[in-house]
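Let me begin by presenting the structure, written as structure tokens, before commenting on it.
In this note's numbering, the protein residues as written are 13 to 345.
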């Protein structure tokens, strides 16, 4: 298992040293600042970006239009009231172009205005950190110390570089847009969780409703499980970085990951806390494994994560994810 994980993370070369940033980058990162609030602001932005790929916003807009045209079988219900509010407040919501501008600025995703200063380094730093954490955890639980190829220093340096990057791109436009993203996501997921709407489209949950409406009304077949898993795991990873700011800024940190938390599976849920707000090291490992699991687990697929005309999309490998009440997944500070 450890050897397999090792091959997954070698996205930029055959030598494991390619996983760690060069010395100059390490020094530069150490001198930078990590503003935890900036990272927290990017949680709803990342969540929305991943569900944008799943066509969530398109599905909601289509449902609102069908409601306004009298094509939805909803009465004096919560679904009807929510659809009316969304129809009435259409001009107060972010447009597709505005959302893509924020995604480009904060996460380097394609789309938006050509003049937007994109976060071009995010994808490489993101995949590097997630891969290193996955490798470290796999080797920790399967290999003796002398045979492990990934050190705590590599986890620290890659995590610091990613946190610095997110911090520097979490101010300005993404900072102010974060509250709008959070509100709009909560409204959308509340609507999609309505049993009346789900029954109308033969769906058992919000995610199946997205799939069914996209197929029937939009002629699309988005990979909703992938978008859902990457959204939920991504906000856990970002929050872990925000909460570990002090540890990440240390020149060295032997306990950047607590072995007992990982090996014994000490999760936030086991302490009656939300992983999107108080993620443990075990939650981080699980989130990284889930993200890799649905994004693609072959080296060629990891290398293929460069920005494209559409959001990054690779083959999904089987993974079991628990579908909860969607609105609860967004962090509530």
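By construction, the Cβ of each residue, glycine as well, lies at the ideal position given by its N, Cα and C atoms.
> Any idea what DSSP makes of residue 56, helix, strand or coil?
Replying inline: Here residue 56 sits in helix by DSSP.
> What span of residues does the alpha helix (DSSP H) with residue 398 cover, start to end?
Replying inline: The chain is shown from 13 up to 345; residue 398 falls before or after that span and cannot be answered.
> Per DSSP, what kind of secondary structure is residue 239 in: helix, strand or coil?
Replying inline: helix
>> Nearest by alpha-carbon distance to residue 365: which of 138, 288 and 115 is it?
In response: This structure cannot speak to residue 365, because the chain is shown only from 13 to 345.
> Going by the CB atoms, is the gap between residue 180 and residue 51 shorter than 8 Å?
Replying inline: no
> If we count Cβ pairs, one from each stretch, closer than 8 Å, do we get three or more for the segment 86-95 versus the segment 60-68?
Replying inline: no
> Fully enclosed by the segment 104-188, which beta strand (DSSP E) runs are 3 residues long or longer?
Replying inline: none
> So what does DSSP say about residue 258, is it helix, strand or coil?
Replying inline: helix
> Taking the C-alpha atoms as reference points, what is the distance between residue 204 and residue 219?
Replying inline: Looking at the two C-alpha atoms, the distance is approximately 8 Å.
> DSSP state of residue 71, grouped into three classes?
Replying inline: Looking at residue 71 - three-state DSSP - the assignment turns out to be helix.
> Do residue 306 and residue 251 have their C-beta atoms within less than 8 Å of each other?
Replying inline: no
> When the Cβ atoms of the segment 162-170 are set against those of the segment 128-148, are three or more pairs found closer than 8 Å?
Replying inline: Counting C-beta pairs closer than 8 Å gives three or more between the segment 162-170 and the segment 128-148, which meets the contact rule.
> Do residue 68 and residue 182 have their C-beta atoms within less than 8 Å of each other?
Replying inline: no
> Counting Cβ pairs, one atom from each stretch, are 3 or more of them under 8 Å apart for the segment 225-237 and the segment 250-264?
Replying inline: In short, these stretches do not touch, since the Cβ pair count stays below three.
> Is there contact between the segment 135-142 and the segment 91-109, where contact requires at least three CB pairs shorter than 8 Å?
Replying inline: no
>> Which same chain residues end up closer than 6 Å to residue 295 when comparing Cβ atoms and leaving out the 5 residues on each side of it in sequence?
In response: 248, 279, 280 and 287
> Excluding sequence positions up to five away, which residues of its chain have a Cβ less than 6 Å from the Cβ of residue 290?
Replying inline: Hits under 6 Å: 280.
> Would residue 17 be called buried (16 or more neighbouring beta carbons within 10 Å of its own) or exposed?
Replying inline: Unreliable positioning characterises residue 17 in this predicted model, as indicated by a pLDDT of 44, which lies under 50. The coordinate reading is nonetheless provided below. The residue is buried, with at least 16 neighbouring Cβ atoms inside 10 Å.
>> Quick check: the Cα distance between residue 139 and residue 255, rounded to an integer number of angstroms?
In response: 20 Å
>> Tell me which residue opens and which closes the alpha helix (DSSP H) that residue 279 is part of.
In response: Per DSSP, residue 279 belongs to no alpha helix (DSSP H) and is neither H nor E.
> Span of the alpha helix (DSSP H) holding residue 228?
Replying inline: In the DSSP assignment, residue 228 falls within the alpha helix (DSSP H) that extends over 218-229.
> Going along the chain, which residues of its own chain have a beta-carbon closer than 8 Å to the beta-carbon of residue 131, five neighbours each way excluded?
Replying inline: 116, 117, 118, 119, 120, 177 and 181
> Where residue 36 and residue 184 are concerned, what is the direct C-alpha to C-alpha distance, given to the nearest angstrom?
Replying inline: In this predicted model, residue 36 has a pLDDT of only 44, less than 50, meaning its place in the structure is not dependable; the value taken from the coordinates is given anyway. If you take the alpha carbons of residue 36 and residue 184, they lie about 27 Å apart.
>> Our contact map puts residue 83 next to residue 175 with C-beta atoms below 8 Å; I'd like the distance itself, whole angstroms only.
In response: Distance from residue 83 to residue 175 at the Cβ level is roughly 47 Å; contact not present, criterion being Cβ atoms closer than 8 Å.
>> Using a Cβ-Cβ cutoff of less than 6 Å, which residues in the same chain neighbour residue 257 once the five nearest sequence positions on both sides are dropped?
In response: 46 and 48
>> Tell me which residues share the same chain as residue 42 and place their Cβ nearer than 6 Å to its Cβ, disregarding the 5 neighbours each side in the sequence.
In response: Confidence at residue 42 is low in this model, with a pLDDT of 45, below 50, so the placement of that residue should be treated as unreliable; the coordinate-derived value is given next. So the list is empty, once near-sequence residues are dropped.
> For residue 195, does the three-state DSSP call read helix, strand or coil?
Replying inline: helix
> Under a Cβ-count criterion, where at least 16 other Cβ atoms within 10 Å of its own Cβ denotes burial, should residue 214 be classed as buried or exposed?
Replying inline: Result: exposed.
> With DSSP run on the structure shown, which of helix, strand or coil describes residue 45?
Replying inline: Three-state DSSP puts residue 45 in coil, outside helix and strand.
> Measuring CA to CA, which of 259, 274 and 285 is closest to residue 168?
Replying inline: Nearest of 259, 274 and 285 to residue 168, Cα basis: 259.
>> So, with DSSP's three-state summary, where would you put residue 251?
In response: Of the three classes helix, strand and coil, the one that applies to residue 251 here is helix, per DSSP.
> Excluding sequence positions up to five away, which residues of its chain have a Cβ less than 7 Å from the Cβ of residue 208?
Replying inline: 86, 89 and 91
>> In the DSSP assignment, the alpha helix (DSSP H) including residue 87 goes from what residue to what residue?
In response: Looking at the DSSP string, residue 87 is not in any alpha helix (DSSP H), and its letter there is neither H nor E.
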